[in-house]
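Protein sequences, first through last, are from chains A and B.
Every position in the first sequence, counted from 1, becomes a number in this note's numbering once 6 is added.
Every position in the second sequence, counted from 1, becomes a number in this note's numbering once 1 is added.
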Amino acid sequence: DQQVKQNSPSLSVQEGRISILNCDYTNSMFDYFLWYKKYPAEGPTFLISISSIKDKNEDGRFTVFLNKSAKHLSLHIVPSQPGDSAVYFCAASARGSQGNLIFGKGTKLSVKP
Amino acid sequence: NAGVMQNPRHLVRRRGQEARLRCSPMKGHSHVYWYRQLPEEGLKFMVYLQKENIIDESGMPKERFSAEFPKEGPSILRIQQVVRGDSAAYFCASSPLDRGSTLHFGNGTRLTVT
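This is the structure:
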């Protein structure tokens, strides 16, 4: 039973346009959400996070939006660059579960020049 | 400022052998986590350790798998009597003290069981 779902295995976007990656979750106990980026043969790299007390967090070209009522979050990358091509994982954790992140299966983003 | 170091990067074992995976956390980090990624899957939590203590092993298979983080030296994930289904990428992560801290991942050990 997947608690964190990324329903799009892949996404292709033109350089300079916006990339929108989506993530849905089922566990209402989740209170902290993260996005990680992963290149082949490397470990995941932290990108951005959001606490459940917020609905938006922005860091440069990356913005994460959280809709708690819909149990949905999204990552916006604008403008997209070829170097953004990677697999993006959404992850969530619940209070009291230090370090126990529940990951989605990932979305492979390809940014075409 | 070295990141999380894992070795070996690749490990090949025959069925029935033992696999030992090592992880040195980032400097100043006292919390270590092990995750496993099967092909086409997301990362799955296995175990959370602090120095000399296992804090949460809810994701560890009940048999053949063990983990330690001794007072001195790296954290070790040990898999006894490996089977083909153990073939996966094993990632270690570390964090400093508080709960809100982000996990920093190593580049993983890819275990292949033949």
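Just so you know, even glycine gets a beta-carbon here, dropped at the ideal spot from N, CA and C.
Note that this is a predicted model, so its numbers are computed, not measured.
| Asked | Found |
| --- | --- |
| Segment contact flag, the segment 70-88 of chain A with the segment 77-90 of chain B, C-beta cutoff 8 Å, min 3 pairs | no |
| Rounded C-alpha distance that separates B/Gln-7 from B/Glu-64 | 23 Å |
| Spatially closest choice to A/Val-84 from A/Gln-104, A/His-78, A/Glu-48, A/Asp-65, by CA coordinates | A/Asp-65 |
| For B/Glu-73 and A/Cys-96, the rounded distance between their alpha carbons | 34 Å |
| A/Gly-49 versus B/Asp-87: straight-line alpha-carbon distance, rounded | 19 Å |
| Three-state secondary structure assigned by DSSP to A/Asp-90 | helix |
| Any C-beta of chain A under 8 Å from that of B/Tyr-34 | yes |
| Cβ neighbour criterion (16 or more within 10 Å) applied to A/Ile-59 | exposed |
| Cut-off 8 Å between Cβ atoms - residues of its own chain near A/Lys-44, not counting five sequence neighbours on either side | Pro-50, Thr-51, Ala-92, Val-93, Tyr-94, Phe-95, Gly-112 |
| Straight-line gap, B/Arg-1 to B/Thr-113 (C-alpha atoms, nearest Å) | Look at the range of chain B in this structure, 2 to 115, and you will see that residue 1 of chain B is not part of it. |
| Alpha-carbon spacing of B/Gly-109 relative to B/Gly-43, whole angstroms | 14 Å |
| Helix, strand or coil at B/Asp-57 according to DSSP, with G and I counted as helix | strand |
| Rounded C-alpha distance that separates B/Pro-97 from A/Gly-22 | 36 Å |
| Classification of A/Gln-12 by the beta-carbon crowding that lies within 10 angstroms, buried from 16 upward | buried |
| 8 Å Cβ cutoff, B/Thr-103 in contact with chain A | yes |
| Span separating the alpha-carbon of B/Phe-92 from that of B/Pro-40 | 13 Å |
| Cβ separation of A/Asn-33 and A/His-78, assumed to be a contact under 8 Å, to the nearest whole Å | About 13 Å; that fails the 8 Å criterion. |
| Per DSSP, cross-strand counterpart(s) of B/Thr-103 | None; B/Thr-103 has no bridge partner. |
| Top-ranked residue by Cα proximity to A/Phe-39, from A/Asn-73, A/Gln-20, A/Lys-114 | A/Asn-73 |
| Where the segment 38-50 of chain A meets chain B: residues whose CB sits under 9 Å from a CB there | Tyr-38, Leu-40, Tyr-42, Lys-44, Ala-47, Glu-48, Gly-49, Pro-50 |
| Status (buried if at least 16 other CB within 10 Å, exposed otherwise) for B/Asn-54 | exposed |
| Neighbourhood of B/Pro-71 by C-beta, 7 Å cutoff - its chain only, sequence neighbours within 5 removed | Glu-53 |
| Distance CB(B/Ala-89)-CB(B/Gln-38) smaller than 8 Å | yes |
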